[in-house]
Amino acid sequence: MTATYRELPPPAALAERVACLWWRDPGAVPEEPVPATAGEPPAGHVVLPDGCIDLVWSAGTLLVAGPDTGPAPVAASAEAAVGIRFRPGAGPAVLGESALALRDRRVPVVDLWGREGRDLQERTAESEGATARLELLVDVVERRIAAGDGRASAGGDPLVSAAVTALGGGGTAIGELAAALAISERQLRRRFHDHVGYGPKTLDRVLRLQRFLAAVAADDPASPTTLAALAAEAGYADQAHLAREARALTGDTATALAARWRPAPPLRAAGRIAAAPASPGA
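Numbering-wise (the numbering used here), the sequence shown opens with residue 1283 and increments by one.
1. Assuming L1303 contacts V1420 under a Cβ cut-off of 8 Å, what Cβ separation, rounded to an integer in Å, is found between them?
2. Keeping to the same chain, check which residues put their C-beta closer than 7 Å to that of G1451; ignore five residues upstream and five downstream.
3. Quick one: any contact between the region 1386-1395 and the region 1363-1374, if contact means 3 or more CB pairs under 8 Å?
4. Within a Cβ cutoff of 7 Å, which residues of the same chain sit near A1536, ignoring the five residues on either side of it in sequence?
5. Can you give me the C-alpha to C-alpha distance between V1329 and T1351, rounded to a whole angstrom?
6. According to DSSP, is P1331 helix, strand or coil?
7. Looking at the unbroken beta strand (DSSP E) that takes in A1347, where does it start and where does it end?
8. From A1362 to A1530, what does the alpha carbon distance come to, in whole angstroms?
9. If you run the structure through DSSP and keep just helix, strand and coil, what is E1361?
10. If you follow the alpha helix (DSSP H) that E1515 is in, where does it begin and where does it stop?
11. Give the C-beta separation of V1442 and H1477 to the nearest angstrom, bearing in mind that I take them to be a contact with Cβ-Cβ under 8 Å.
12. Once you ignore the five residues that flank G1517 on each side, which residues in its own chain have a CB closer than 8 Å to its CB?
13. Measuring CB to CB, does A1360 end up less than 9 Å from P1308?
14. Exposed or buried, D1336, counting other C-beta atoms within 10 Å across all chains shown (16 or more means buried)?
15. If you draw a straight line from the C-alpha of A1341 to the C-alpha of R1306, how long is it?
16. Taking only the alpha-carbon atoms, compute the straight-line gap between A1320 and A1464 and give it to the nearest angstrom.
17. Can you tell me whether DSSP reads A1297 as helix, strand or coil?
18. Tell me Y1287's beta-bridge partners as DSSP assigns them.
19. Quick one: is R1397 buried, meaning 16 or more other Cβ sit within 10 Å of its Cβ, or exposed?
20. Are the CB atoms of T1343 and Q1403 within a distance shorter than 9 Å?
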């Protein structure tokens, strides 16, 4: 955690659906990130996949950041950015859009909510400072949840929620998970596409990566754990498995990720992460 990024626990009424509230000062993102080279990861600050959807105010625009399947650049802003991070599977019921439609996208709220989105965009822009903007977004989310509590979809899909919880612990085979939930793997995959944005196998990979990053961030830099041991702790079959997955999901090597994360996490220890390419403390 750096001086330019903070997270807060959500209000109790939102805790079931929201992982955290956050804000990021302008200094957390370079004004002129180095352009990416073809075939290489972005050289500026990037968000790594975590299965979450965020409602974000950044660079003068209110938008929804969908679930990512690879590294996504973080736009520079002259003012503080704030956001509400939904737990995997919980965002669509509140936002009114399928997670699959939001995958790997940043969508302005005006495109999702029409007039309501335009009004909220204006109110957020007129709010004084990050705290006021975050309070406004929390109020909007609380009201949308309250308005939807009479519908079956208001709390999301309980089977998806149960599956996400199981996958978070690691070591759960998708076939066994579907059987435990008394649905077919095809049905489980369809529900995940709607509520998470991709299938359970992809979320399993993403959450395993997050466990690796959290383990690295918690490691003792004075006596670092080997990559092989960290890979095993996170649930990878071996170090080669970790290497393949790190490259596929982040565009970077496991060694580079570990070097960047071990001293201190750039912005956070788990979840939607902004990773600096050179040194921690993004």
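Ideal Cβ placement from N, Cα and C applies to all residues, glycine included.
Note that this is a predicted model, so its numbers are computed, not measured.
Here's the rundown:
1. 7 Å
2. none
3. no
4. L1509, L1524, A1525 and A1528
5. 10 Å
6. coil
7. T1343 to A1347
8. 31 Å
9. coil
10. L1509 to A1516
11. 5 Å
12. G1452, G1453, R1490 and R1493
13. yes
14. buried
15. 11 Å
16. Interpretation of A1320 is limited by its pLDDT of 35, a score under 50 that renders its predicted location unreliable; the figure taken from the coordinates is listed afterwards. Answer to the nearest angstrom: the Cα atoms are 45 Å apart.
17. coil
18. R1306
19. exposed
20. yes
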